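Each residue of the sequence shown is one higher than the one before, counting from 3 in the numbering used here. Here the structure comes first, spelled out in structure tokens, and everything after it is commentary.
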Amino acid sequence: MPADRARRIGRLFVVFSGLDDAIFLYPLYTLLFADSGLSTSEISVLLSLWAGAAFVLEVPSGVLADRLSRRHLLAVGAVLRAAGFVLWVCLPSFPAFAVGFVLWSAQGALKSGTLQALVYDELAAVGAASTYDRLLGRAAAAEGTAGLVATALAAPIFALGGYQVVGWASVAMGLAQVPVALAFPDVPRTGAESEPTGLRAYVTTLRAGVAEAVRDPTVRRLTLLTGLLPGLVAFDEYLPLLARAVGVPDPYVPLLMVVPGLAMVVAALLVAARRWRYAVAPVALAVAGFLVGAGAAATSTIGVVAIGVGIGAFHLARLLLDARLQHAISGPARATVTSLSGVLSEGAALAVFAAFGVGSVWLPMGWLFVADGLLVALCAAYVTADVVRGRRTCDPGRVRPSRRQRAGEGPTR
3 MPADRARRIG RLFVVFSGLD DAIFLYPLYT LLFADSGLST SEISVLLSLW
53 AGAAFVLEVP SGVLADRLSR RHLLAVGAVL RAAGFVLWVC LPSFPAFAVG
103 FVLWSAQGAL KSGTLQALVY DELAAVGAAS TYDRLLGRAA AAEGTAGLVA
153 TALAAPIFAL GGYQVVGWAS VAMGLAQVPV ALAFPDVPRT GAESEPTGLR
203 AYVTTLRAGV AEAVRDPTVR RLTLLTGLLP GLVAFDEYLP LLARAVGVPD
253 PYVPLLMVVP GLAMVVAALL VAARRWRYAV APVALAVAGF LVGAGAAATS
303 TIGVVAIGVG IGAFHLARLL LDARLQHAIS GPARATVTSL SGVLSEGAAL
353 AVFAAFGVGS VWLPMGWLFV ADGLLVALCA AYVTADVVRG RRTCDPGRVR
403 PSRRQRAGEG PTR
């Protein structure tokens, strides 16, 4: 039954997303690197390699997701990341850490775009595309909650057996994604026999995705927004440094870092609880930009809390933008278009890291946060213009079916 299938897809979406962030190594991997003898500069090289590999792999993996089985790609990605963690546990050294980060980047690239496209196309195939927004909110809430729980449990697990136990527990959680990924539907592509294969098929799919992202005004605007905004909020990596700079004692910094995580979970639950209209997105972004800028300018503990709440407001806008992008895509290369957003996000994050690295030489950390908050506020103005200008909305009654669906064909896998 279509309704039962839609509920099953939703449950798998939520479970897979939760497992993706239930990694106990998250709050400890930099300590693992340092305790393995790596210097700060070597750790920075590893982090740059992580972001750079994700940047390179994002679009190719999206094209593969429009050509191959999406559920199999998700399963392969989970295995790759788990293999990287095995290397970290068994051979803690710079080369093993580097290979592990590349494998982690591959997993992220194989999941980015693939999961959203799989869920949306399967929901659309049973006439349930209008439920995607709420399911996206539930999945994001599960992901955020799992991350908070994993962070809280990392300390007692570490006390039981150090990095070995934490690492193997992370491997187990990663491998738990495999059966969930394989439980997703895997509908054969209609007319696949007449389509090009090999390199020609790859180029054809890439061209179709880029063409839609460039030529369709709504998709173009949303691809830019969903790509650039997450990159701009990469400043959250520097929030502990800002907390220390405004005088927060080190033992209390981790407690403050819970604030943005909780705010993001609340934002996701708001999206899941009701059907928020896209017009809320610019308001949420404006609030986020104000809280980040004002919080940084306050140079106080309350200011750091305000920034955490602002990150939650941003997350609300991001979820609404992500959902609207999926509704707006009408061509056969949904995962490819979504991956273009992902590569923009990685590029913007690298730019923010560079700006903070160079800017911190001349400016206090707080002023860099203020500048980033202003950029987020400017994006709110752009989204407002998009709301006024846009002809398509996320309203269920006005979701435009894809060309395949209008022709009576099933979704791509």
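Note that the Cβ used here is the ideal one computed from N, Cα and C, for glycine as well. This structure is a prediction, so every number in the text was calculated from the model and none was measured.
Outcome for residue i when other beta-carbon atoms lying within 10 angstroms are tallied against a minimum of 16
i, result
"Ala215", "buried"
"Leu34", "buried"
"Asp37", "exposed"
"Glu239", "exposed"
"Ile304", "exposed"
"Pro262", "buried"
"Ser63", "buried"
"Gln179", "buried"
"Trp364", "exposed"
"Val260", "exposed"
"Tyr254", "exposed"
"Arg129", "Contrary to the premise, residue 129 reads as Gly rather than Arg in this sequence. Under this definition Gly129 is an exposed residue."
"Gly314", "buried"
"Gly164", "exposed"
"Val205", "exposed"
"Arg202", "exposed"
"Ser341", "buried"
"Ser343", "buried"
Helix, strand or coil at residue i [DSSP, three-state]
i, result
"Val250", "coil"
"Leu30", "coil"
"Ile25", "coil"
"Met259", "coil"
"Ile331", "coil"
"Arg191", "With a pLDDT of 47 at Arg191, under the threshold of 50, the modelled position of this residue cannot be trusted; read the value that follows with caution. Looking at Arg191 - three-state DSSP - the assignment turns out to be coil, as it is neither helix nor strand."
"Asp1", "Past the boundaries of the shown model lies residue 1; the chain is included only from 3 to 415, so the question cannot be answered."
"Leu224", "helix"
"Gly54", "helix"
"Phe96", "helix"
"Ser41", "coil"
"Val301", "Note on identity: in this sequence residue 301 is Thr, with Val being the wrong assignment. Thr301: coil per DSSP, three-state reduction."
"Pro403", "Caution is warranted here: a pLDDT of 44 is assigned to Pro403, below 50, making its placement in the model unreliable, and the coordinate value is therefore given only provisionally. Of the three classes helix, strand and coil, the one that applies to Pro403 here is coil, per DSSP."
"Ser2", "The chain is shown only over 3 to 415; residue 2 falls outside these bounds and no answer can be derived."
"Ala130", "coil"
"Ser19", "helix"
"Phe186", "coil"
"Val354", "helix"
"Asp218", "coil"
Bounding residues of the alpha helix (DSSP H) (the contiguous stretch that carries residue i)
i, result
"Ala143", "134-177"
"Tyr280", "Tyr280 -> no alpha helix (DSSP H), and no H or E assigned at all."
"Ala119", "116-127"
"Pro366", "Note, Pro366: premise wrong, no alpha helix (DSSP H); not H, not E."
Option nearest residue i by Cα separation, candidates the options
i, options, result
"Gly39", "Ala373, Ala308, Ala203, Pro97", "Pro97"
"Arg2", "Thr32, Ala67, Pro219", "The requested residue 2 does not occur in the structure, where the chain is confined to residues 3 to 415."
"Leu49", "Val182, Phe355, Ser63, Pro366", "Phe355"
"Pro187", "Leu14, Asp218, Thr147, Arg326", "Leu14"
"Phe26", "Ala152, Val372, Leu75", "Ala152"
"Val268", "Val205, Ala319, Phe237", "Ala319"
"Val248", "Ala270, Gly229, Thr301, Arg276", "Thr301"
"Leu323", "Glu124, Ala281, Phe237, Leu342", "Ala281"
"Leu370", "Ala330, Ile309, Tyr384, Ser343", "Ile309"
"Thr338", "Arg202, Ser114, Ala161, Gly102", "Ser114"
"Ala379", "Phe160, Ala283, Ala330", "Ala283"
"Leu177", "Phe18, Pro219, Ile11, Met367", "Phe18"
"Leu293", "His74, Pro181, Val372, Ser95", "Val372"
"Ala131", "Ile331, Asp23, Val360, Val385", "Ile331"
"Gly32", "Gly20, Ser46, Thr206", "According to the sequence as given, residue 32 is Thr; it is not Gly. Ranking Gly20, Ser46, Thr206 by Cα distance to Thr32 puts Ser46 first."
"Val289", "Ala210, Ala265, Gly344, Phe316", "Phe316"
"Leu138", "Ala275, Ala296, Gly361", "Ala275"
"Gly291", "Ala270, Pro158, Ala382", "Ala382"
"Ala156", "Ala144, Met175, Ala141", "Met175"
"Leu346", "Asp135, Val212, Val307", "Val212"
"Ala141", "Leu21, Ala53, Val385", "Leu21"
Chain D contact for residue i (CB, 8 Å cutoff)
i, result
"Val128", "Here there is only one protein chain, and chain D is not present."
Worksheet item: Okay, do the segment 344-354 and the segment 225-241 touch, 3+ Cβ pairs below 8 Å being the bar?
Response: The segment 344-354 is in contact with the segment 225-241.
Practice prompt. Evaluate the contact criterion for the segment 242-259 versus the segment 115-132: three or more CB pairs, one atom per stretch, below 8 Å.
Written response: The answer is no - the segment 115-132 does not touch the segment 242-259, with fewer than three Cβ pairs under 8 Å.
Worksheet item: Do three or more CB pairs link the segment 120-130 to the segment 4-18 at distances below 8 Å?
Response: The answer is yes - the segment 4-18 touches the segment 120-130, with three or more Cβ pairs under 8 Å.
Practice prompt. Give a yes or no on contact between the segment 85-96 and the segment 213-229, applying the rule of three or more CB pairs nearer than 8 Å.
Written response: Too few Cβ pairs lie closer than 8 Å, so no.
Fill in: Meets three-Cβ-pair contact criterion under 8 Å: the segment 41-60 and the segment 161-169
Output reads no: the segment 161-169 does not touch the segment 41-60.
Discussion item. Does the contact criterion of 3 or more C-beta pairs under 8 Å hold for the segment 72-83 versus the segment 104-115?
Written reply: Taking a cut-off of 8 Å for Cβ pairs, the segment 72-83 and the segment 104-115 touch, as three or more such pairs fall below it.
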